[in-house]
Amino acid sequence: MKNIIEIKNLHKIYAGGTHALKGIDLNVKEGEFCILLGLSGSGKTTLLRCLNRLIEPTSGDIQIDGEDVIAAKGQKLRFIRRKIGMIFQQFNLIKNLSSLTNVLTGKLGYSSLLHSLAFSKNKTDVEIALENLQRVGLKDLAEKKIKNLSGGQQQRVAIARALMQNPKVILADEPVASLDPATANSVMKYLGELNKKDKITIICSLHFLSLARKYGTRVVGLKDGEIVFDGTPKEIDKKRFKEIYGEDAEEVEIR
Amino acid sequence: MKKANKLKFNFQAILTDLLIWIYISGCISFLLNRWFELAIPSLYILIYGAVVSVIVMICGISIGRKVFLPTKRTNNKWYKTFWGWTVVLILLITFIVGWILVEVNPYKFFTKFKNAGGIMSGIFDPNLDLLVVSLTALAETIYLALLATIFAIPFAFLLSFFAARNLMPKTLIGNTVYIIIRSFATVFRSIEAIVWAIIFSVWVGIGPFAGMLALMIHSIAALIKLYSEQIENIDPGPVEAIKATGANTLQIWVFGVVPQIISPFLAFTIYRWDINVRMATIVGFVGGGGIGLLLLQQQQLLRWHNVGMIIWLIAAVVWIMDMVSAKVREKLQGM
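In structure tokens:
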């Protein structure tokens, strides 16, 4: 399998002086389900956001699907972004619009402004959007406003929105951190399905090792902006766990 | 503390003390002039103020030092400190000077009520024959306010995006656009509608059109501020998510920003219309037409019963608008 993401010597220093990423080198192969583990502030979110340039890296090199992300500007950058779906901890949906409209916004990178203003009139777009809602089991709630949905349902709408982009890669930034354990599992299940059936490469930051073991094909541990572990989920034992999370950490189970 | 900061705070402290003491010395000179007819040259006022401020600054007991520079925490009660008494002095002297300048005269208030007898009897016995004429003028005022609001919306809507800090890129162009539009809005808003009405009543002639233009300009500036502050308060999450789909800037604004602001925008606009109806009455006084103009004419003719009729109508409309707009805004909040 070829590398779909190649990160070389990536640094991010924030304006305040925080050195969030200290020379990250990481290659992700096509079809991997790569879990990022690490404490809050270890650089997981920064790393994910650098990949689609929601955050500007300070230095380094990122190649995604053979394209230079760092050098890309304007339209070129937008074309790279539309190949990368993103899922957020806070879902980041537009609360007073319907699920369907929210899913349709996944198509924005492929449409002109005029076309996107008439999304709801476009039969093919609506059909694809409904299909994607069907995939996450929410077709019946297409017309419902987001603010009337539960957290788990909202995150599934967000997954459908990402699917709308026809992504090669999905970046998931703690997608289950604000959900209860049962809902968290079901959301992860959908991500796992996309990874297996659609061969979408997934990079997902998580807090729970048990979920990492269940869905991840690879685990990367981050600590203070550096990679401290890179291997399979099975390789993480007590010792490795403490390397990532620090001496005082105890593993909490979530099933 | 950084050196540059320390310099800045020192400068602010000195400037504050200077202004405070020049103000105090100015007030004292004014009182000396009023009570003892002593004329003190303005140059001396400045010098006295400056001298005192330098003395208190050197002694380290000034207000400027207290506000801008770190002082050792002491448990002194305010009345045991010099700055505490300075504050008392400022408040006291301001109150006395204010009383004299405003010509406060409680005696007149309690003894000269009968002068207002005409207008009072007018209010309690309005001339109902004027109802039709007044209603026509009132309609003019309401429509004037409505059109001023409607015409202001598109300008304010478009410009508010460029006056929102979170939407403008932090580049030279972005900052320049932001600052220009923000200052435009601030300056135009600080010029009262009544001043605009005077300008436009010369420009296009006395009448409702001048009043509408005046309210429109003022509304644009006011709405830009309200709208752009609303935009600055949106949840940045959805904007980020839309950006991540590969959308361009306009699409981000249309899909990420607009849905979040549409109902507060509507609420503010209705509120603005409500304000405009009230302002339209005042604007009428200086040539903006409508019920204000009618009120002015009747007042100058000393037709108190007609004035009474008009006052009742204005009160009714303001009351109704207030209620309606509050109800509509309440409904919009839930959306």
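Residue numbers (my numbering), protein chains in the order written: chain A, 1 to 255; chain B, 1001 to 1335.
Glycine is no exception: its CB is placed at the ideal position from the N, C-alpha and C atoms.
- Taking 3 residues as the minimum length, the beta strand (DSSP E) runs contained wholly in the segment 153 to 238 of chain A are 169 to 173, 201 to 205, 218 to 223 and 226 to 231, in order along the chain.
- A contact is defined here as three or more CB-CB pairs under 8 Å, and the segment 78 to 96 of chain A meets this definition with respect to the segment 148 to 163 of chain A.
- Of all residues in the segment 1242 to 1257 of chain B, those with a C-beta nearer than 8 Å to a C-beta of chain A are I1242, K1243, A1244, T1245, G1246, A1247, N1248, L1250, Q1251, V1254, F1255 and G1256, reading in chain order.
- Taking 9 Å as the upper bound on Cβ-Cβ separation, chain A lies near residues P1259, Q1260, I1262 and S1263 of the segment 1257 to 1276 of chain B.
- At a cut-off of 7 Å between C-beta atoms, P1070 of chain B does not count as an interface residue with respect to chain A.
- Within 7 Å of the CB of G1237 of chain B, the CB atoms of chain A belong to F88, Q90 and N92, in sequence order along the chain.
- For I1093 of chain B, DSSP records no beta bridge to any residue.
- According to DSSP, residue pairing for G85 of chain A in a beta bridge involves A:I170.
- Listed along chain A, the residues sitting closer than 9 Å to E1240 of chain B by beta-carbon distance are R49, L54, M86, F88 and N92.
- Of the residues B:G1246, B:L1226, B:N1248 and B:E1232, the one whose Cα lies closest to the Cα of I1270 of chain B is B:L1226.
- Put simply, the segment 24 to 32 of chain A touches the segment 211 to 228 of chain A. At least three CB pairs are less than 8 Å apart.
- L1032 of chain B is bridged by DSSP to nothing; it lacks a bridge partner.
- The C-beta of T1249 of chain B has fewer than 16 other C-beta atoms within 10 Å across all chains shown, which makes the residue exposed.
- The criterion of a C-beta distance shorter than 7 Å is not satisfied by M1212 of chain B and A1137 of chain B.
- For N132 of chain A, no CB of chain B lies under 7 Å from its own CB, so it is not counted at the interface with that chain.
- Shown here, E67 of chain A sits in a strand according to DSSP, grouped into three states.
- Residues of the segment 160 to 181 of chain A with a C-beta less than 7 Å from any C-beta of chain B: Q165, listed in chain order.
- Given a length threshold of 4 residues, each whole run of the alpha helix (DSSP H) inside the segment 1106 to 1141 of chain B is given here in chain order: 1106 to 1111 and 1117 to 1124.
- For N3 of chain A, the nearest beta carbon of chain B is not closer than 7 Å to its own beta carbon.
- Distance from the Cα of G41 of chain A is smallest, within the candidate group A:V103, A:H19 and A:A172, for A:H19.
- For N1175 of chain B, the enclosing alpha helix (DSSP H) covers residues L1172 to S1190.
- For L1294 of chain B, the secondary structure class from DSSP, reduced to helix, strand or coil, is helix.
- The Cβ atoms of L1223 of chain B and R1272 of chain B sit closer than 7 Å to each other.
- The C-beta of N96 of chain A comes closer than 7 Å to at least one C-beta of chain B.
- The three-state reading of DSSP puts V1328 of chain B in helix, counting H, G and I together.
- Under the three-state reduction of DSSP, F91 of chain A is assigned to coil, being neither helix nor strand.
- Contact between the segment 1249 to 1260 of chain B and the segment 1175 to 1190 of chain B is absent: fewer than 3 CB-CB pairs across the two stretches fall below 8 Å.
- Looking at B:G1205, B:A1244, B:M1168 and B:Y1178, the one whose alpha-carbon comes closest to that of A172 of chain A is B:A1244.
- Here E1037 of chain B carries a coil assignment [DSSP, helix/strand/coil].
- With at least 16 other beta carbons inside 10 angstroms of its own, E174 of chain A counts as buried.
- For L113 of chain A, at least one C-beta of chain B is nearer than 7 Å to its own C-beta.
- If you draw a straight line from the Cα of K1114 of chain B to the Cα of L1313 of chain B, it is about 25 Å long.
- The shortest C-alpha to C-alpha distance from T58 of chain A to any of A:V169, A:I70, A:K29 and A:H115 is the one to A:I70.
- Using a Cβ-Cβ cut-off of 8 Å, G106 of chain A is close to T1245 of chain B, given in chain order.
- The beta carbon of R82 of chain A falls within 7 Å of a beta carbon belonging to chain B, placing the residue at that interface.
- Across the set A:E235, A:C204 and A:R135, the C-alpha of A:R135 shows the shortest separation from the C-alpha of E193 of chain A.
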